[in-house]
Amino acid sequence: MVSPVRVWLNRTYAENVFFMDQLRRNPADRAVEIHATHGDPDSPVLAAADTADLEPEGLSPGGYVEYALDQCARRGIDVFVPRLHQASVVAHRAEFEAAGTALLAPPPEAVAVFQDKVIAYEAVRAVGVPVPEWWRVHTAEELLSAVEELEARGHQACFKPASGAGGVGFRMITRDPFSLTHLSGFPSPSVPLRMVVEALRAAQEPVDWLVMPRLEQPEVSVDCLTGPDNRVRLAVGRTKNGRRRGFTLHERWLAPARRIAETFGLHHLSNVQFRMYGDRPVLMDVNTRPAGGLHQLALCGINVPWAAVRLALGDDPGELTPPFLGQDYTVLSGPRPLQPVALPHQRADLPATPAPAPAPAPVKYPAATASAAGPVAAAASDPAAGAPA
């Protein structure tokens, strides 16, 4: 009898409950058991997993690696998909392999390139992939200079952290004064320039931001599966234009994504994002991890999470081409159950329902000095499908 594949996802996005669902529904009908850890006891991924633990807070990167190695040994993990502390984890790949765990993540050199957006933009531009203009700023005066230069060229300026993920910290700059307009309706990503400058001048330390022109839609997010030989096995673009989503295999998006994945060795799952700058696509960001929307490729008849696990285990799936491209769709959120039993270290106010299996005893490590979204088909004639999100 073939033993189940044990897969661990650490502190990942709630949307990856669908990643987990697809692993269980793999076309090989291979049993998959999923372990999940998170810092939030109400994360849907904990409830969706077969086994789950709350992660200890305050670990240094080195302490987290010790914790991760212990989890892999105690839980019998075959494949670890690290998101939190990915750079530190992949730097210890040999230790995980010695413990019998394959890392579904790129090598440390590739992760390092894309941790800092300036380094990433300079690196990909050097291999011929177009990037937008950018200014790295630390002070109010540098910000003002960059914004004025962009506005003189007819662009709206925006800024985001030089390192970060998930759109955290992204803002568009407006010259409009703060007014009741900013307080009506939903919060806006636009912020008056004067308020940003005042905040920077009042800050006790410099920031590390990129100031760039606001890029236009469509946004195309290319999911890539790349082998340890640097050869891309799969590349499919997911298009985003307002609420409307779709898929593309057009080479204007796929060719630069493949070049990045192959040149920099983005092994296993990565995600390369583009937007329009004038009449040409330019790189927006590179994620060295599975994208939160990766599961949407199921609408094209392909189970990418399972193909990635196979590749991590040394079972090369070969060249993968979607048998068809799914129709345009939109994304709706839906309910997911929360963990019905108390996890180790969970809140004391939760019902003391006994867990189905005893959890391993907690281990101490060195400290540092829900809802999820799923795709729904959108009719091509639906006028709301192209409306702003």
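For the sequence shown, the UniProt record's numbering begins at 1 and goes up steadily by one. Every residue, glycine too, gets a C-beta built ideally from N, C-alpha and C.
| Check | Outcome |
| --- | --- |
| Determine the direct distance from the alpha carbon of residue 173 to that of residue 264, and round the result to whole angstroms. | 33 Å |
| Roughly how many angstroms separate the alpha carbons of residue 219 and residue 245, rounded to a whole number? | 10 Å |
| For residue 40, count neighbouring C-beta atoms within 10 Å of its own C-beta (all shown protein chains included) and say buried if the count is 16 or more, exposed if not. | exposed |
| Give the DSSP-derived three-state secondary structure of residue 171 in the structure shown. | strand |
| Note the first and the last residue of the continuous beta strand (DSSP E) segment covering residue 275. | 268-277 |
| What residues match up with residue 213 in a beta bridge as DSSP calls it? | 157 |
| Would you call the segment 183-199 in contact with the segment 117-136, where contact means no fewer than 3 C-beta pairs closer than 8 Å? | no |
| If you follow the alpha helix (DSSP H) that residue 148 is in, where does it begin and where does it stop? | 140-152 |
| Pull up the distance between the alpha-carbon of residue 164 and that of residue 85, whole angstroms please. | 13 Å |
| Could you tell me the distance, in whole angstroms, from the CA atom of residue 230 to the CA atom of residue 110? | 11 Å |
| Looking at residue 90: is its Cβ nearer than 7 Å to the Cβ of residue 7? | no |
| Alpha carbon to alpha carbon, how far is residue 145 from residue 130? Give it in angstroms, no decimals. | 24 Å |
| Is the beta carbon of residue 320 less than 7 Å from the beta carbon of residue 233? | yes |
| Short check: CB of residue 45 to CB of residue 16, under 7 Å? | yes |
| Can you tell me the Cβ-Cβ gap for residue 312 and residue 69, rounded? I've got them flagged as a contact below 8 Å. | Contact flag wrong, Cβ pair sits at about 17 Å. |
| Relative to the C-alpha of residue 336, which residue among 28, 5, 43 is closest? | 43 |
| Taking Cβ positions, are residue 322 and residue 301 nearer each other than 7 Å? | yes |
| Contact check, residue 208 vs residue 157 under 8 Å by CB: the rounded distance? | Rounded, the Cβ-Cβ distance is 17 Å, inconsistent with contact. |
| Under 7 Å between the Cβ atoms of residue 305 and residue 19? | yes |
| Determine the direct distance from the alpha carbon of residue 36 to that of residue 217, and round the result to whole angstroms. | 35 Å |
| Hey, how far is the Cα of residue 382 from the Cα of residue 241? | Interpretation of residue 382 is limited by its pLDDT of 35, a score under 50 that renders its predicted location unreliable; the figure taken from the coordinates is listed afterwards. Answer to the nearest angstrom: the Cα atoms are 14 Å apart. |
| Can you give me the C-alpha to C-alpha distance between residue 277 and residue 118, rounded to a whole angstrom? | 18 Å |
| For a test of the three-state rule: what should DSSP assign to residue 92, helix, strand or coil? | coil |
| Can you tell me whether residue 201 is buried or exposed? The criterion is at least 16 other CB atoms within 10 Å of its CB, across all chains shown. | exposed |
| Could you check whether residue 12 and residue 83 sit closer than 7 Å to each other, using their CB atoms as the reference points? | yes |
| Considering residue 25, what are the terminal residues of the beta strand (DSSP E) in which it resides? | Note, residue 25: premise wrong, no beta strand (DSSP E); not H, not E. |
| What are the start and end residues of the beta strand (DSSP E) that includes residue 34? | 32-38 |
| Check residue 135 in the structure and name its three-state DSSP category. | strand |
| Smallest Cα separation from residue 273: which of 266, 283, 279? | 283 |
| Spatial neighbours of residue 61 within its chain, please: C-beta separation below 7 Å, excluding the five flanking residues on both sides. | 85, 88 |
| Shortest alpha-carbon distance to residue 203 belongs to which of 139, 303, 9, 254? | 139 |
| Expressed to the nearest angstrom, what Euclidean distance is found between the alpha-carbon atoms of residue 384 and residue 331? | The predicted position of residue 384 is uncertain, since its pLDDT is 33 and thus under 50; a value taken from the coordinates is nonetheless stated next. Distance between the alpha carbons of residue 384 and residue 331: 12 Å. |
| In three-state terms, what does DSSP make of residue 285? | strand |
| To the nearest angstrom, how far is the alpha carbon of residue 249 from that of residue 324? | 10 Å |
| Applying the 10 Å Cβ sphere with the 16-neighbour rule, what's the burial state of residue 153? | exposed |
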